[in-house]
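J.:
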Amino acid sequence: MNIPVREFDAIVIGAGGAGMRAALQITQSGLTCALLSKVFPTRSHTVSAQGGITVALGNSHEDNWEWHMFDTVKGSDYIGDQDAIEYMCKTGPEAITELENMGLPFSRFENGRVYQRPFGGQSKNFGGEQAARTAAAADRTGHALLHLLYQQNVKNKTQVFSEWYALDLVKNQDGAIVGCTAIDIETGEVVYFKAKATVLATGGAGRIYASTTNAHINTGDGVGMALRAGVPLQDMEMWQ
Numbered sequence: 134m135n136i137p138v139r140e141f142d143a144i145v146i147g148a149g150g151a152g153m154r155a156a157l158q159i160t161q162s163g164l165t166c167a168l169l170s171k172v173f174p175t176r177s178h179t180v181s182a183q184g185g186i187t188v189a190l191g192n193s194h195e196d197n198w199e200w201h202m203f204d205t206v207k208g209s210d211y212i213g214d215q216d217a218i219e220y221m222c223k224t225g226p227e228a229i230t231e232l233e234n235m236g237l238p239f240s241r242f243e244n245g246r247v248y249q250r251p252f253g254g255q256s257k258n259f260g261g262e263q264a265a266r267t268a269a270a271a272d273r274t275g276h277a278l279l280h281l282l283y284q285q286n287v288k289n290k291t292q293v294f295s296e297w298y299a300l301d302l303v304k305n306q307d308g309a310i311v312g313c314t315a316i317d318i319e320t321g322e323v324v325y326f327k328a329k330a331t332v333l334a335t336g337g338a339g340r341i342y343a344s345t346t347n348a349h350i351n352t353g354d355g356v357g358m359a360l361r362a363g364v365p366l367q368d369m370e371m372w373q
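Throughout the sequence shown, residue numbering follows my numbering, covering 134 to 373 in sequence.
#1: Please give the ranges of any beta strand (DSSP E) in the region 247-293, keeping only runs that are unbroken, at least 3 residues long and fully inside the region.
#2: What first and last residue would you give for the alpha helix (DSSP H) that runs through G312?
#3: Measuring CB to CB, does W297 end up less than 8 Å from G337?
#4: For H201, is the classification buried or exposed, using 16 other Cβ atoms within 10 angstroms of its Cβ as the cut-off for buried?
#5: Nearest-angstrom Cα distance between E243 and A309?
#6: Decide if P174 is buried, meaning its Cβ has at least 16 other Cβ atoms within 10 Å, or exposed.
#7: I think V311 touches A328, with their Cβ atoms under 8 Å apart; what is that distance to the nearest whole Å?
#8: Which residue marks the beginning of the beta strand (DSSP E) containing K329, and which one marks its end?
#9: Determine, using beta-carbon pairs with one atom in the region 161-174 and one in the region 219-227, whether at least three such pairs fall under 8 Å.
#10: Select from L333, I146, L169 and V323 the residue whose C-alpha is nearest the C-alpha of L366.
#11: Any idea which residues DSSP pairs K304 with across the strands?
Quick look at the structure:
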């Protein structure tokens, strides 16, 4: 059986917020990128993120990224990766500025600054009073984020393969990952997507639980692909 081959500099499997942002960075760097998703990208589960994006902007009151980091480490029961948490909290404001410049329709205070609301686990001054740290686009932040990133990928010529189901990672003789196979859900065509770099952004596996608000697409496909390819997994008990 001869399987058609489509070759790119990189492929991204999964088109939620993480996958589409990764694909956008690749195409903006002048490289070719295939973005594979088993649903239309704006139907990815990021759409369910209603609350907002927690970041120490200080638009509602004085704030500090170190206070944000304290709350995040505490909220992780002190087992979170503190280097990663520090990076996220310190660079968070830059991400909001980037999204704002791209056109994300954040809600606003009367003075024009990005609106921030209080959420559980947020505090001022290392465990003090309740903080309001979550930037939001009304109650549809995830929805707005997906539409924004999809439009940016179309603008930057990312090649989007909607309703394509990734099957397995492909290894060469040296054991390196050189792409994946995928099936077109509509036609049943199987294609080998060949690439120098493969990014897995396939989301979680919340549907392993009998009672969950996870979408029916959250079935851990990427985790299975990684396991079958011998790629080590980490923190598998940390499902939302």
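We put the CB at the ideal spot given by N, CA and C, even for glycine.
T.: According to the structure shown:
#1: 249-256 and 263-268
#2: Run containing G312: none in the alpha helix (DSSP H); it sits in the beta strand (DSSP E), I310 to D317.
#3: no
#4: buried
#5: 54 Å
#6: buried
#7: 7 Å
#8: V323 to L333
#9: no
#10: L333
#11: I310
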